[in-house]
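Report on the following structure.
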Ligand code: UD1
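Residue numbers (my numbering): 550 to 967.
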């Protein structure tokens, strides 16, 4: 069990290159089995969730070679269509292997995915879309048996722009006859990244980043080289860390557009933000004010993943901040823990109200999930004394060497591996 220790009070100064995106890497790893191809992937972060995806790929017969700079997946040696339950349970993204396996071999035997407990996380949109494309899917308890002699293109209307469902359809559609059109598709940068990877292996795919994506199959290529974009939630976390602790940091290798809603609220809270090409500089005197009402929404709205993190940065801000969570029903699990530091937070259903307090005092907290754990680190950076975060293993699911990154910026943090 990992325990994070954060001693608050240090300002952050310096620059850091933001890691590759977890949520962009995982669908690309699943996509690497859609066709027999050797994929040279760059900027894939070293994370527990990535390791889980690699274990699945290895179980499916792919050859994996991880070097310092590159991750090579060779799916020409692919052998299986079945993913054991314990591998599926490691993370949420395992569900998109369903579309990938159906595309590759017309069959997928898997079970319901794991991931953060953020409330009900149904996969009805995934199942109904794949059925519209000709897949027969039987559900037996938590097991899923999927088969499709022939996948066919379809016009699919998503009632909600689900990221995972959009990804699953994009993958399955690479092997479908005819044209697949996704109406109401998710518009996240991770969808644009997946389209770029699929195009690089010969898919005829257009529209990612808009609400309508069309896919007309894929011809296949022997090799591809693909670079994963930077992680907008990690960039947001570092920006919030600097806002809360005070200081001036420079984030490089980022696209400000991808986390502009977070930067916008930090600016309203009193931070100075400068962005130039792939660099964003954040300066803060640590004395923040409420930026108003924060409502989470699908991209390009404010990301639900950044909600606990921005909340943690604002715990000592002047005034009252309201949060409305519209994506997940259980995304305030950090609140009861942050209160133990002395934060003034109340939650009612989808609404949370934060009244800034003058000081926070170090305590032992339990990380409820990945982003909740990250929120506790950010809170600890502007808390008096030491904050200990137990059950902090979640954090390694999404943050690569985050202790080193923060230490290099001047924070006093360390991880105790028990
Ligand atoms: C992805 C991200 C996650 C992020 C979320 C929303 C990955 C690995 N994870 O998760 O970090 O918080 O997008 O931006 O990329 N829903 C249904 N039926 C479905 C699918 C989803 O009702 O079949 C609902 C979910 O319960 C949830 C909402 O839609 O309320 C959003 O889910 P979705 O966009 O699918 O999120 P994920 O792909 O799981």
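Glycine included, each C-beta is placed from N, C-alpha and C at the ideal position. This one's a predicted model, so the numbers in the text were calculated from it and none came from an experiment.
Contact check, residue 685 vs residue 696, beta carbons under 8 Å: On the chain shown, position 136 is the one that residue 685 refers to. On the chain shown, position 147 is the one that residue 696 refers to. Cβ atoms of residue 685 and residue 696: closer than 8 Å.
Near residue 913, which residues of its chain fall below 6 Å by C-beta distance, leaving aside the five closest residues on each side in sequence? Numbered from its first residue, the chain shown carries residue 913 at position 364. For residue 913, where only same-chain residues beyond five positions count, the Cβ hits under 6 Å are 937.
Per DSSP, residue 569 is paired with what? In the chain shown, counting from the first residue as 1, residue 569 sits at position 20. 779.
Would you call residue 633 buried or exposed, if buried means 16 or more other Cβ atoms sit within 10 Å of its Cβ? Within the chain shown, residue 633 is the residue found at index 84, counting from 1. That one is exposed.
Nearest residue (CA-CA) to residue 858, options 867, 843, 868, 848: Walking along the chain shown from the start, residue 858 turns up at place 309. When each option's Cα is compared against that of residue 858, the closest is 843.
Decide if residue 550 is buried, meaning its Cβ has at least 16 other Cβ atoms within 10 Å, or exposed. Position 1 of the chain shown, counted from the start, is the residue given in the question as residue 550. Exposed is the call here.
At what residues does the beta strand (DSSP E) containing residue 693 begin and finish? Start at 1 with the first residue of the chain shown, and residue 693 comes out as number 144. Counting along the chain, the beta strand (DSSP E) containing residue 693 begins and ends at 692 to 696.
DSSP has residue 796 in a bridge; who is on the other side? Position 247 of the chain shown holds residue 796. For residue 796, which the question treats as bridged, DSSP gives the partners 561, 833.
Can the beta-carbon of residue 905 be found closer than 8 Å to that of residue 955? Translated into positions along the chain shown, residue 905 becomes position 356. Translated into positions along the chain shown, residue 955 becomes position 406. No; because the gap between Cβ atoms is not below 8 Å, this pair is not in contact.
Sufficient close CB pairs (3 or more, under 8 Å) joining the stretch 554 to 563 to the stretch 722 to 741: no
Can you list, in chain order, the stretches of the beta strand (DSSP E) that have 3 or more residues and sit fully within the stretch 587 to 629? 587 to 591, 612 to 615, 619 to 623
Say the cut is 7 Å; is the CB of residue 625 nearer than that to a heavy atom of ligand 1? In the chain shown, the residue the question calls residue 625 occupies position 76. Every heavy atom of ligand 1 is 7 Å or more from the Cβ of residue 625, so no.
With C-beta atoms as the reference, is residue 641 less than 8 Å away from residue 595? Residue 641 sits at position 92 when you count from the first residue of the chain shown. Residue 595 sits at position 46 when you count from the first residue of the chain shown. The answer is no: Cβ separation not under 8 Å.
Can you name, in chain order, every residue of its own chain whose Cβ lies under 8 Å from the Cβ of residue 602, other than the five neighbours on each side? Numbered from its first residue, the chain shown carries residue 602 at position 53. For residue 602, where only same-chain residues beyond five positions count, the Cβ hits under 8 Å are 574, 575, 578, 579, 640, 642, 643.
Residue 751 to residue 880 span [Cα, whole Å]: One-based indexing of the chain shown puts residue 751 at position 202. One-based indexing of the chain shown puts residue 880 at position 331. Between residue 751 and residue 880, the C-alpha separation is close to 38 Å.
Boundaries (first-last residue) of the beta strand (DSSP E) holding residue 687: Start at 1 with the first residue of the chain shown, and residue 687 comes out as number 138. Note, residue 687: beta strand (DSSP E), 685 to 689.
Whole angstroms is fine: what's the gap from residue 703's alpha carbon to residue 620's? Along the chain shown, one-based indexing puts residue 703 at 154. Along the chain shown, one-based indexing puts residue 620 at 71. C-alpha separation (whole angstroms): 34 Å.
Residues near residue 959 in its chain [Cβ-Cβ closer than 6 Å; skip 5 each side]: Position 410 of the chain shown, counting from 1, holds the residue named residue 959. Answer for residue 959: 559, 561, 562, listed in chain order.
With respect to 7 Å, is the separation between the Cβ of residue 670 and the closest non-hydrogen atom of ligand 1 below this value? In the chain shown, residue 670 corresponds to position 121, counting from 1. Yes.
Using DSSP's beta-bridge definition, name the partner residues of residue 753. As a position in the chain shown, residue 753 is number 204, starting the count at 1. Looking at the DSSP assignment, residue 753 forms no beta bridge with any residue, so it has no partner.
Measuring only the C-alpha atoms, how far is residue 877 from residue 856? As a position in the chain shown, residue 877 is number 328, starting the count at 1. As a position in the chain shown, residue 856 is number 307, starting the count at 1. Roughly 11 Å separates the two Cα atoms.
If we ignore side chains and look at the alpha-carbon of each, how far apart do residue 945 and residue 919 end up? Locating residue 945 in the chain shown gives position 396, counting from the first residue. Locating residue 919 in the chain shown gives position 370, counting from the first residue. Distance between the alpha carbons of residue 945 and residue 919 is about 8 Å.
Taking the alpha carbon of residue 775 as the reference point, which residue from 553, 557, 554, 581 has its own alpha carbon closest? Start at 1 with the first residue of the chain shown, and residue 775 comes out as number 226. Ranking 553, 557, 554, 581 by Cα distance to residue 775 puts 581 first.
Express the C-alpha separation of residue 813 and residue 616 in angstroms, rounding to a whole number. Position 67 of the chain shown, counting from 1, holds the residue named residue 616. Position 264 of the chain shown, counting from 1, holds the residue named residue 813. In a straight line, the C-alpha of residue 616 is about 37 Å away from that of residue 813.
Run through DSSP, which three-state label would residue 844 get? Indexing the chain shown from 1 puts residue 844 at position 295. Looking at residue 844 - three-state DSSP - the assignment turns out to be strand.
Use the C-beta contact count for residue 571: other C-beta atoms within 10 angstroms, 16 or more gives buried, fewer gives exposed. In the chain shown, the residue the question calls residue 571 occupies position 22. Buried, because 16 or more other Cβ atoms sit within 10 Å of the Cβ of residue 571.
If you draw a straight line from the C-alpha of residue 903 to the C-alpha of residue 869, how long is it? For the purposes of this step, residue 903 is taken as the residue at position 354 of the chain shown. For the purposes of this step, residue 869 is taken as the residue at position 320 of the chain shown. Their backbone Cα atoms lie some 6 Å apart in a straight line.
Exposed unless 16 or more other CB atoms sit within 10 angstroms - verdict on residue 691: Locating residue 691 in the chain shown gives position 142, where the first residue counts as 1. It counts as exposed.
In this structure, does DSSP put residue 768 in helix, strand or coil? Residue numbering aside, residue 768 sits at position 219 when the chain shown is read from its first letter. Residue state, collapsed to three classes: coil.
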